């Protein structure tokens, strides 16, 4: 009888103290470029396989407002004030220090991972130049 009580107590103790180490899944985001994004990483390659590097300084934000205004970050298109969707995967951001006065960027949004990647669509980038943003 005493052994049974010890076993019941032990089982209750073990189940009460076990922790679920599974991370809580993120709530998916809408498949839209609008809103505030954290500029998180940039992809850089010097001819070989590339790597993702954290943006410096951290905690930079960009915002694509619904009225077409754009708020840049310190390290991403600083000085740009407007944007327009060209099609379902391309955005035009201006003014920019390019000959055309704007940048065309292709974007991909991963709703489950809450991420967006932007790559230049108006120039060929040998070194890798993808920019990653998170919501």
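In the numbering used here, the protein residues as written are 3 to 137. No residue lacks a Cβ here, since even glycine has one placed at the ideal position from N, Cα and C. Just so it is clear, the structure is predicted and the values come from calculations on it, not from any experiment.
| Asked | Found |
| --- | --- |
| Beta-bridge partners of residue 48, as assigned by DSSP | Residue 48 is not bridged to any residue. |
| Through-space distance from residue 106 to residue 95, alpha-carbon basis | 6 Å |
| Residue environment, residue 118, which counts as buried when at least 16 other CB atoms sit within 10 Å | buried |
| For residue 107: DSSP bridge partner residues | 93, 122 |
| Meets three-Cβ-pair contact criterion under 8 Å: the stretch 22 to 33 and the stretch 42 to 57 | no |
| Selection from 67, 50, 104, 128 that minimises the alpha carbon distance to residue 36 | 67 |
| Neighbourhood of residue 98 by C-beta distance below 8 Å, restricted to the same chain and skipping five residues each side | 79, 81, 82, 104, 105 |
| Inter-residue CB distance, residue 72 and residue 85 (contact presumed, cutoff 8 Å) | 4 Å |
| Nearest neighbour of residue 93, chosen from 116, 30, 123 [CA to CA] | 123 |
| Assigned exposure category for residue 2 - 16 Cβ within 10 Å defines buried | The shown model of the chain, from 3 to 137, leaves out residue 2, and the question about it has no answer. |
| DSSP beta-bridge partners of residue 87 | 93 |
| Sequence-distant residues of the same chain with beta carbon closer than 7 Å to residue 33, five excluded per side | 111, 113 |
| According to DSSP, residues forming a beta bridge with residue 38 | 65 |
| Pair within 7 Å by beta-carbon distance, residue 31 and residue 136 | no |
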